[in-house]
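Keeping their order, the protein sequence lines are chains A and B. Adding 4 to a residue's 1-based position in the first sequence gives its number in my numbering. Adding 4 to a residue's 1-based position in the second sequence gives its number in my numbering.
2 protein chains.
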Amino acid sequence: MDVADRGLTSPEVDFSAWYNELVLRAGLVDRAPVKGTMVIRPYGYRIWELLQDELDRRIKETGHQNAYFPLLIPQSHLHREAEHVAGFSPELAVVTHAGGSELAEPLVVRPTSETVVGEMMAKWVSSYRDLPLLLNQWANVVRWEMRPRMLLRTSEFLWQEGHTAHADAESAMRETRLALDIYTDIARDFAAIPVIPGEKTPGERFAGARRTFTIEAMMRDRRALQAGTSHYMGENFARAFDIRYTTESGELGHAHTTSWGMSTRMLGGMIMAHGDEKGLVLPPKLAPYQVVIIPIGRGTRFDELVSVAGALLERLRAVGIRARVDERSHRSPGYKFHEWELRGVPLRLELGPRDLAEGSATLVRRLGKGKESLRLAALPEVLPGLLAEFQESLLVRATEFRDSHTRPVSDWSAFQEAVASGWAAALHCGDTGCAERIKAATAATPRCIPLDAPAESGDCIYCGQHADFGKRVLFARAY
Amino acid sequence: MDVADRGLTSPEVDFSAWYNELVLRAGLVDRAPVKGTMVIRPYGYRIWELLQDELDRRIKETGHQNAYFPLLIPQSHLHREAEHVAGFSPELAVVTHAGGSELAEPLVVRPTSETVVGEMMAKWVSSYRDLPLLLNQWANVVRWEMRPRMLLRTSEFLWQEGHTAHADAESAMRETRLALDIYTDIARDFAAIPVIPGEKTPGERFAGARRTFTIEAMMRDRRALQAGTSHYMGENFARAFDIRYTTESGELGHAHTTSWGMSTRMLGGMIMAHGDEKGLVLPPKLAPYQVVIIPIGRGTRFDELVSVAGALLERLRAVGIRARVDERSHRSPGYKFHEWELRGVPLRLELGPRDLAEGSATLVRRLGKGKESLRLAALPEVLPGLLAEFQESLLVRATEFRDSHTRPVSDWSAFQEAVASGWAAALHCGDTGCAERIKAATAATPRCIPLDAPAESGDCIYCGQHADFGKRVLFARAY
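Here it is as structure tokens:
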């Protein structure tokens, strides 16, 4: 167990160091032997499982079926869609030997699965009756990272990737937006992150996509994190892989495809959206333990308290609360308080001899001051409400934080000031070269064109050319 | 949809061809671009998910936590345990290039994860308080196959791999047997396969294990399938990776480790243990659809029946039955009957105008003759019992089949006869060379020393040397 023996670097002093220390010391991940890869430890993996459960439920509920496509893809397949291969080539891991000999054709470890899914869809789709074809897979992917960062950019990560084929553009666009809605809801309702759903500018599109949508999240250092994306491919992949079907009237048409993914990166987002100088702050809906019970006492007194805590644990579990008793006798209460704060457990219940005598427990919230005495008998009834309150308070806090650090700006100096300390909403010409010059000057990039931004016209904040999107674009420094 | 337009090769005529046709035509899997790899299609993947749900539940219930270890392992790590690398080297896929350049050290795509888990456990374990360390992961692994077979031997497959570390041999052996018990129960209670749990002879042990346990299943062609294994590693991996801990009395000791796995191969086992000339026969507990409802009629009549079927579907779902209505209007009832028989749905409900007039539906079981009329109103109450009966009947049938094709034999000619058409239980010296000679003569290999076989002593069935295990060994031709 890596615990808070030493203090954690303050996020105010060095956000990046704080993050790197925290993910290791909270027991979320560990460094793996191959540089850039990670081990997801049980505490981190449990958060991923809770996110998966909900995401998988919504994916199935909206008519998608899970499948599994192979890890290894012939290198030549990637070349069939020109933009796609150009985008992914620098990041590929390549298998050249297998079964003791050199392969005739090198195999790519999937960086994403559009090409192999496209190949299979071409086999499976022949009539309009086969459409829409709504698939999803849970898988690992490999994209070689030169500057890896635990959970945010690792050479291997876990994700789900939805892949669908449709008869026409309308149906495919509805699907692209449906996936984005699911991501938006999950981020807000589970991770307590008030993400901004929007469309990517042309320069930020997925390699091979006609349109890319994203949810953008604000971290506590006010940088943006792309936390999920959804792509409308048009007929690009259908043409590259020959996904054709006979329409109801007997003509031959190309399918329109989509893909969309959310990954373990979301865990990094949760850490950076809610964490503080004491460590993680986990939203109850995704917390492995929502409540930790800490018996406080010595000797036989301690054993007695552990047994009362155990009985309480069962009653909390019976109402669906994920709780845990810290019954280690070789650690002090203070040590345990720090450790569970570091690990972000929303509610702590202290159970000492005086509490026991009064038939109560002392509640301490991970955020907020002070202690509160609660009747033991009432806890199974009271705690679900307190957890819901905690969940809601995280979302409110994150929303206020986001809004107070996002500014509409109309001139270049205000833009520079805004992106130095937050997000800027500005009109933009949409030219990729102009976006690159903005980045060179400020390190900020266009994050998205928010879906719900009001219509607005005018000139580009940087170059003064006519603004292209009919609304403001969000700019920020990003992960 | 690949359906039974043509008849399926009879399993009596050519079991192997029957299997290869069936897995494709039932929509379980498809061939992927890289030879030896497969796509698991939604119908097959759903079976895997149902198996996963139950297996994951039991793994967690027994105190294990899920984690995720990386796909890529430095080649040198595999070399630290000599037997392990010798066993896996011929099957490795090797990444030599990544991120656009040649790697300083080649990386192996994990064929199993003992080495990387060992490396991490060495970091995580320091005191007896850290033990037992009970981990599991759900993952893909790659073992290059020269003679691939869908679901049974593919170059990539999905599995769970448990990895645990313990303070002493006793605790590790209890764990090894616990995992085997879980596999035995799941195979029997979910896949309806009455597997024989037993220990592998030395020549059949996992590379690097001190003891290997297995569950062996009899297929309809009477060959054996190893359907799950559990290994006690002793201190082998702890010494290779330096997994040491301080005991309560302050000494330094090596941990004892275990590993155990069950894979998508189990799906192949279910197909071959229950399938028949019409196609799959799925045990209800793992069937994506337990009941299929087929409206039979034309025009507006058909629409009316589809609507009644839809209402019935909701009522069945409400009692937890996985049901589906086949509402395709361009397919005949006969076509649908054949297709759902091919796909192994346990119960079919036909809903025609006459049924409707009588307020009933016609039940047809996937196995067994004849039709039965059941009151529509009673179906939610009646069907769960019928599904349980169906599940039980598969297990009874498979048990009878296994027992009637397993013979204790005491002389070589009876042995040869027995393994030509089933399994033989025979005394065996335990010598690996002798087992190889038996294989050369009969194609049969020692499958396991059944845990519950009675004590028996005597001489080896083949070489006449003293039999080594104190009980009979099961021999069979195997997948």
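All residues carry an ideal CB built from backbone N, CA and C; glycine is no exception.
For residue 79 of chain B, there are no C-beta contacts with chain A under 7 Å, since the nearest C-beta of that chain is about 10 Å from it.
According to the DSSP assignment, residue 438 of chain B belongs to no beta strand (DSSP E) but to the alpha helix (DSSP H) extending over 436–446. With its beta carbon at least 8 Å from every one in chain B, residue 293 of chain A lies outside the interface.
Judged by DSSP in its simplified three-state form, residue 268 of chain A adopts coil rather than helix or strand. Non-local C-beta neighbours of residue 275 of chain A in its own chain, meaning closer than 7 Å and more than five positions away in sequence, comprise 23, 26, 27 and 284, ordered along the chain.
When DSSP states are grouped into helix, strand and coil, residue 409 of chain A belongs to the coil group. Listed in chain order, the positions of the stretch 97–123 of chain B with a beta carbon within less than 7 Å of a beta carbon of chain A are 97, 98, 99, 100, 101, 102, 103, 104, 111, 113, 120 and 123.
When CB distances to chain A are screened at a threshold of 7 Å, the residues of the stretch 22–40 of chain B falling below it are 34, 36, 37 and 38, in chain order. Contact between residue 164 of chain B and residue 270 of chain B fails: their C-beta atoms lie close to 11 Å from each other, not under 8 Å. If you draw a 10 Å sphere on the C-beta of residue 299 of chain A, you find 16 or more other C-beta atoms in it, and that means buried. Interface annotation, residue 270 of chain B: not in contact with chain A, CB-CB separation never under 8 Å. In the three-state reduction of the DSSP assignment, residue 425 of chain A falls in the helix class, which pools H, G and I.
The shortest C-alpha to C-alpha distance from residue 272 of chain B to any of B:252, B:38, B:113 and B:483 is the one to B:483. In the structure shown, residue 149 of chain B falls within a coil segment according to DSSP collapsed to helix, strand and coil. Collapsing the DSSP output to three states places residue 159 of chain B in coil. A Cβ-Cβ contact shorter than 8 Å links residue 30 of chain A with residue 347 of chain A.
The C-alpha of residue 118 of chain B is placed about 11 Å away from the C-alpha of residue 84 of chain B. Around the beta carbon of residue 223 of chain A, a 10 Å sphere encloses 16 or more other beta carbons of the protein chains shown; the residue is thus reported as buried. Within the same chain, and ignoring the five residues on either side of residue 424 of chain A in sequence, the residues whose Cβ sits closer than 8 Å to its Cβ are 446.
The residues 107, in chain order, have a CB closer than 7 Å to that of residue 101 of chain A in the same chain once the five nearest residues on each side in sequence are set aside. Collapsing the DSSP output to three states places residue 359 of chain B in a helix. Within the same chain, Cβ atoms closer than 8 Å to the Cβ of residue 76 of chain B are found at 99, 111, 112, 113 and 114, the five residues on either side in sequence being excluded. At a cut-off of 8 Å between C-beta atoms, residue 49 of chain B counts as an interface residue with respect to chain A. Under the three-state reduction of DSSP output, residue 260 of chain B falls in the strand class.
Within the same chain, Cβ atoms closer than 6 Å to the Cβ of residue 122 of chain A are found at 241 and 245, the five residues on either side in sequence being excluded.
Shown here, residue 88 of chain A sits in a helix according to DSSP, grouped into three states.
Closer than 8 Å to the CB of residue 164 of chain A there is not a single CB belonging to chain B. DSSP links residue 168 of chain B through a beta bridge to B:138 and B:262.
Listed along the chain, the chain A residues whose CB falls inside 7 Å of the CB of residue 45 of chain B are 71. Residue 408 of chain A and residue 399 of chain A have their C-alpha atoms spaced approximately 14 Å apart. Excluding the 5 residues flanking it on each side, residue 377 of chain B has same chain C-beta neighbours closer than 8 Å at 359, 362, 364, 365, 366 and 367, in chain order.
In the pairwise beta carbon analysis, the stretch 325–337 of chain B is classified as not touching the stretch 417–432 of chain B: fewer than three pairs are separated by under 8 Å.
The stretch 286–302 of chain B and the stretch 199–214 of chain B do not touch, with fewer than three beta-carbon pairs separated by less than 8 Å. For residue 50 of chain B, no beta strand (DSSP E) encloses it; the enclosing alpha helix (DSSP H) starts and ends at 46–65.
Looking at the DSSP output, residue 449 of chain A shares a beta bridge with A:480. The stretch 376–395 of chain B and the stretch 349–358 of chain B touch, with no fewer than 3 CB-CB distances between them shorter than 8 Å.
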